[in-house]
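To start, the structure under review is shown below, and the notes come after it.
Residue numbers (the UniProt record's numbering), protein chains in the order written: chain A, 1 to 388; chain B, 1 to 388.
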């Protein structure tokens, strides 16, 4: 049992291997296995109507609230591969189930990488045999976290110690991050003894205010998947509130790590909107600003160009008083009543973290925060030559 | 009478001057005057709820369907300047009206440039006196077109010769281009004898399928304004259809010139969506793809990464059959039935123009095209240091 990551909670083992799917030759396959005694599972998937084959298969298999193992590969998303893609995803699930002595419906599958390329099934099947070979499965959470990286520069793990039970997790994701989760694969594990319903409630509540409010570039992946697996090995059944808190803490920590490692990021920007009729309007407005390229370029340039904030928020689907909008950069007022505040252009935004707060002036108590990044040269560089 | 631009139609004169509003020291003010005998006018303005003072004043003054002169300044948008900004806009209108012996309500006013800086009224008032000085007003359409440029690299004019009557125009705009017009000022002139209603019908129809479908960076300006002024000097009253056609042709030509000169553009990209239930869904889908940063970066890299097109369109507010989506780059199939087509990755996108066509597979006959550009290093460069 590790002190960090997916194998931190009791009842979980993992393995990782290099199957040759990544051109880099780095580890590219991982397996997380729940050894029980319980197997409650919950999941949240991308809302993109163009979703990958592994999403389709995992969605089916988690339907019954039970998942005993999740297979991961990086380097190939197995998305937009039509009938063959689905066939390949099912074949890999059957292979894992057979090697572990489980049913196909006990297996979850996650792929990340290039869209539109068929999986190299020979390599994938050889990798599955390595992941399930004698002695392969163990306290290997960190190795698994490294194996699911794509253009991530660091592996991302988390742990939350509760009262006699634990939540662990790993995640990956760097670009194509948008409202319907980031482009990411996340696997959370816990040794709490909980029902699938408790797990789904905790996971849905947590993702709504963590991964769903992480918006790096407005793009949404075909593969986004978050699993929560519960082994019950601690023998402790927490209250729903305690479970919600622990799962939220784990998701929030991983979301912050995804933001910090986003493609080409030089600034971590939080956009908070207040003064709306409700939280939904606040999040619409925060997302509109967080996605505005002119605003994001200004952040890259450490330019306190608050006019772009007003221009962006003015198009948001939210009620506002166009004469009473206020904007704060790092808590310094730069715009009051929709007009420049003294010294606004002298605000120092040279630091790596920028907090933008916008009050839309309706007097309502709606509030929401969206995490985003700046739009930098390296974002363009990385994303103008990804598939080639 | 010129053969091009706003002074091509009979009855129009213009002037331009350097008032010192632009830091560059280039010409930065212009005046377009309709000498009649008729003064029908129509206008379309930004839909941004945060709109500039000149938009507010121009909207009031065109209410009665009559505008006799339009004042332009570049270098300062007079946006987000609160009460003082509106006072300054009205003062400039009153000054022009007084010098020309007109009523305030006869004057339109347009500003473009940095948001949130007060207009230098001393310079502006001196400029107005120069624009209206003896001999200043004449066949100076091109000089006016140059004076309204901001980061435009070329001045933008157009002319459409109809059957005995003419439509001329000038425009500017390079960034912050989005659905509610581009970030742009456009002034169209015609010597046709038409009612304000005819003018508004022709202008609204034309902008809906030209400037409104130009989406460079998803941002929407606080100052977007398009004027159509009619002098009736030709004595000819065209049919509404003929007027619509000529105004559309003028707007389409200017929209193409705005796209070609967009900030940092290295590729001119058209995104056409077909196979939707109606045109509205097609434009929603085309706009979603045209705004997707990962797609735009791929275009910059001449990368036929059709997977990003599917990932982007999958989030669009449009009905689709996720299994039956087809994508074409420059008329070559790269994705059929949501799966890669043979040779898809070898498509040559090295040219400056890229036509992307997406069929959403519902069998509907909805269709729409959005013009956009790639996302390049220079876009980031230009926009990360605009106000500084």
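Glycine included, every Cβ here is placed at the ideal spot set by N, Cα and C.
Review point. Which residue's Cα is closest to the Cα of residue 241 of chain B: B:163, B:293, B:224 and B:280?
Key: To locate residue 241 of chain B, count along the second chain from 1; it is residue 241. In terms of Cα proximity to residue 241 of chain B, the closest of B:163, B:293, B:224 and B:280 is B:163.
Point to revise | Within chain B, the residues that residue 340 of chain A reaches when beta carbons sit closer than 8 angstroms | key: Walking along the first chain from the start, residue 340 of chain A turns up at place 340. For a Cβ distance threshold of 8 angstroms, residue set 80, 81, 116 and 117 of chain B lies close to residue 340 of chain A, ordered along the chain.
**Study point:** Sequence-distant residues of its chain with Cβ nearer than 6 angstroms to residue 99 of chain A (five each side left out)
**Key:** On the first chain, position 99 is the one that residue 99 of chain A refers to. Taken in chain order, the residues that qualify are 132.
Check your understanding: Is the CB of residue 294 of chain B under 9 angstroms away from at least one CB in chain A?
Key -> Stepping through the second chain from its first residue, residue 294 of chain B is reached at position 294. Yes, its Cβ sits closer than 9 angstroms to a Cβ of chain A.
Exercise for review: Look up residue 396 of chain A in the DSSP assignment and say whether it is helix, strand or coil.
Suggested key: Since the first residue shown for chain A is 1 and the last is 388, residue 396 of chain A is missing from the structure and cannot be characterised.
Exercise for review: Pull up the distance between the alpha-carbon of residue 93 of chain A and that of residue 106 of chain A, whole angstroms please.
Suggested key: Taking the first chain and counting its residues from 1, the one referred to as residue 93 of chain A is at position 93. Taking the first chain and counting its residues from 1, the one referred to as residue 106 of chain A is at position 106. Spanning the two alpha carbons is a distance of roughly 9 angstroms.
Exercise for review: Measure the C-alpha to C-alpha separation of residue 14 of chain A and residue 28 of chain A and round it to an integer number of angstroms.
Suggested key: Here residue 14 of chain A refers to the residue found at position 14 of the first chain. Here residue 28 of chain A refers to the residue found at position 28 of the first chain. If you take the alpha carbons of residue 14 of chain A and residue 28 of chain A, they lie about 14 angstroms apart.
Exercise for review: Apply the 10 Å Cβ neighbour rule to residue 24 of chain B and answer buried if 16 or more other Cβ atoms are within range, or exposed otherwise.
Suggested key: In the second chain, residue 24 of chain B corresponds to position 24, counting from 1. By the neighbour-count definition (other C-beta atoms within 10 Å, threshold 16), residue 24 of chain B is an exposed residue.
Practice item. May I ask you to verify whether the stretch 108 to 118 of chain A touches the stretch 72 to 79 of chain A, counting CB pairs closer than 8 angstroms and requiring at least 3? Key: The stretch 108 to 118 of chain A vs the stretch 72 to 79 of chain A: in contact.
Check your understanding: In chain B, what lies closer than 8 angstroms to residue 110 of chain A by C-beta?
Key -> Counting from one through the first chain, the residue named residue 110 of chain A turns up at place 110. Neighbours of residue 110 of chain A on chain B: none; closest Cβ ~16 angstroms, over 8 angstroms.
**Study point:** Cβ-based contacts, 9 angstroms cut-off: residues of the stretch 310 to 333 of chain B near chain A
**Key:** Cβ contacts with chain A: 310, 311, 312, 313, 314, 315, 316, 320, 322, 323 and 325.
Practice item. Could you check the C-alpha separation between residue 148 of chain A and residue 345 of chain B for me, to the nearest Å? Key: Looking up residue 148 of chain A in the first chain gives position 148. Looking up residue 345 of chain B in the second chain gives position 345. For residue 148 of chain A and residue 345 of chain B, the gap between their C-alpha atoms comes out near 25 angstroms.
Practice item. Using a Cβ cut-off of 7 angstroms, pull out every chain A residue sitting near residue 300 of chain B, in sequence order please. Key: Numbered from its first residue, the second chain carries residue 300 of chain B at position 300. Those within 7 angstroms of residue 300 of chain B in chain A are 380 and 384.
Review point. Between which two residues does the beta strand (DSSP E) carrying residue 170 of chain B extend?
Key: Position 170 of the second chain, counting from 1, holds the residue named residue 170 of chain B. 166 to 172 is the extent of the beta strand (DSSP E) around residue 170 of chain B.
Review point. With a cut-off of 8 angstroms, do at least 3 Cβ pairs link the stretch 234 to 254 of chain B to the stretch 363 to 374 of chain B?
Key: At 8 angstroms Cβ cutoff, the stretches do not touch.
Exercise for review: For residue 264 of chain A, count neighbouring Cβ atoms within 10 angstroms of its own Cβ and tell me buried if that reaches 16, exposed if not.
Suggested key: Within the first chain, the letter at position 264 stands for residue 264 of chain A. With 16 or more other Cβ atoms from the protein chains shown falling within 10 Å of its own Cβ, residue 264 of chain A counts as buried.
Practice item. Look at the alpha carbon of residue 311 of chain B and the alpha carbon of residue 262 of chain B, and state the distance between them as a whole number of angstroms. Key: Taking the second chain and counting its residues from 1, the one referred to as residue 311 of chain B is at position 311. Taking the second chain and counting its residues from 1, the one referred to as residue 262 of chain B is at position 262. Per the coordinates, the alpha-carbon of residue 311 of chain B lies some 25 angstroms from the alpha-carbon of residue 262 of chain B.
Review point. For the candidate residues A:223, A:340, A:231 and A:97, whose alpha-carbon lies nearest to that of residue 165 of chain A?
Key: Along the first chain, read from residue 1 onward, the residue named residue 165 of chain A stands at position 165. Nearest option by C-alpha distance: A:231.
Practice item. To the nearest angstrom, report how far apart residue 284 of chain A and residue 137 of chain B are at their CA atoms. Key: Position 284 of the first chain, counting from 1, holds the residue named residue 284 of chain A. Position 137 of the second chain, counting from 1, holds the residue named residue 137 of chain B. Taking C-alpha positions only, residue 284 of chain A is separated from residue 137 of chain B by approximately 48 angstroms.
Point to revise | residue 120 of chain B beta carbon less than 9 angstroms from that of residue 20 of chain B | key: The sequence position of residue 20 of chain B within the second chain is 20, counting from 1. The sequence position of residue 120 of chain B within the second chain is 120, counting from 1. In contact: residue 20 of chain B and residue 120 of chain B (Cβ atoms closer than 9 angstroms).
Practice item. Assign residue 374 of chain B to one of two classes, buried (16 or more other C-beta atoms within 10 Å of its C-beta) or exposed (fewer than that). Key: Within the second chain, residue 374 of chain B is the residue found at index 374, counting from 1. Within a 10 Å sphere around the beta-carbon of residue 374 of chain B sit 16 or more other beta-carbons, which makes this residue buried.
Practice item. Quick one: grab the DSSP three-state call for residue 239 of chain B. Key: Working through the second chain from its first residue, we reach residue 239 of chain B at position 239. Residue 239 of chain B: coil per DSSP, three-state reduction.
**Study point:** Contact with chain B by residue 221 of chain A, beta-carbon distance below 9 angstroms
**Key:** Here residue 221 of chain A corresponds to residue number 221 of the first chain, with the count starting at 1. By this cut-off, residue 221 of chain A is an interface position.
Point to revise | Beta-carbon proximity check, residue 43 of chain A vs residue 78 of chain A, cutoff 9 angstroms | key: Counted from its first residue, the first chain places residue 43 of chain A at position 43. Counted from its first residue, the first chain places residue 78 of chain A at position 78. It is not a contact, given that the beta carbons lie outside the stated cut-off.
Check your understanding: Measuring CA to CA, which of B:50, B:32 and B:37 is closest to residue 361 of chain A?
Key -> Locating residue 361 of chain A in the first chain gives position 361, counting from the first residue. Relative to the Cα of residue 361 of chain A, the nearest Cα in the group B:50, B:32 and B:37 belongs to B:50.
Point to revise | Spatial distance of residue 293 of chain A from residue 2 of chain B (CA atoms) | key: Start at 1 with the first residue of the first chain, and residue 293 of chain A comes out as number 293. Start at 1 with the first residue of the second chain, and residue 2 of chain B comes out as number 2. Rounded to the nearest whole angstrom, the CA to CA distance from residue 293 of chain A to residue 2 of chain B is 39 angstroms.
Review point. Which of helix, strand or coil does DSSP assign to residue 332 of chain B?
Key: If you number the second chain from 1, residue 332 of chain B lands on position 332. In the structure shown, residue 332 of chain B sits in a strand (DSSP, three-state: E or B).
Practice item. Give every residue of the same chain whose Cβ lies closer than 6 angstroms to the Cβ of residue 141 of chain A, excluding the five residues on either side of it in the sequence, and list them in chain order. Key: Here residue 141 of chain A refers to the residue found at position 141 of the first chain. By the criterion of a C-beta distance shorter than 6 angstroms, residue 141 of chain A is surrounded in its chain by 2, 5, 6, 7 and 14, once the five residues flanking it on both sides are discounted.
Check your understanding: Residues in the stretch 42 to 63 of chain B with C-beta within 8 angstroms of chain A's C-beta atoms, listed in sequence order?
Key -> If the cut-off is 8 angstroms between Cβ atoms, the stretch 42 to 63 of chain B has 47, 48, 49, 50 and 51 near chain A.
Practice item. Express the C-alpha separation of residue 126 of chain B and residue 182 of chain B in angstroms, rounding to a whole number. Key: As a first step, residue 182 of chain B must be located in the second chain, where it is residue number 182. As a first step, residue 126 of chain B must be located in the second chain, where it is residue number 126. Caution is warranted here: a pLDDT of 47 is assigned to residue 182 of chain B, below 50, making its placement in the model unreliable, and the coordinate value is therefore given only provisionally. Going from the Cα of residue 182 of chain B to the Cα of residue 126 of chain B covers about 30 angstroms.
Check your understanding: Start and end of the beta strand (DSSP E) containing residue 297 of chain A?
Key -> Counting from one through the first chain, the residue named residue 297 of chain A turns up at place 297. Under the DSSP assignment, residue 297 of chain A falls outside any beta strand (DSSP E), being part of the alpha helix (DSSP H) whose first and last residues are 293 to 300.
Exercise for review: Go ahead and label residue 202 of chain A buried or exposed: buried means 16 or more other beta carbons lie within 10 angstroms of its beta carbon, across all protein chains shown.
Suggested key: In the first chain, the residue the question calls residue 202 of chain A occupies position 202. When all chains shown are included, residue 202 of chain A counts as buried.
Review point. Which residues does DSSP pair with residue 270 of chain B in a beta bridge?
Key: By 1-based counting over the second chain, the position of residue 270 of chain B is 270. Residue 270 of chain B is bridged by DSSP to B:355 and B:371.
Review point. Of all the residues that make up the stretch 339 to 361 of chain A, which are near chain B by a beta-carbon distance shorter than 8 angstroms?
Key: If you check each beta-carbon in the stretch 339 to 361 of chain A against every beta-carbon of chain B, the ones closer than 8 angstroms belong to 339, 340, 344 and 345.
Exercise for review: Specify whether the stretch 347 to 360 of chain B and the stretch 242 to 251 of chain B touch according to this definition: at least 3 beta carbon pairs, one from each stretch, less than 8 angstroms apart.
Suggested key: In the pairwise beta carbon analysis, the stretch 347 to 360 of chain B is classified as not touching the stretch 242 to 251 of chain B: fewer than three pairs are separated by under 8 angstroms.
**Study point:** Counted within 10 angstroms of its Cβ, other Cβ atoms place residue 36 of chain A as buried (16 or more) or exposed
**Key:** Residue mapping note: residue 36 of chain A aligns to position 36 of the first chain, counting from 1. Exposed.
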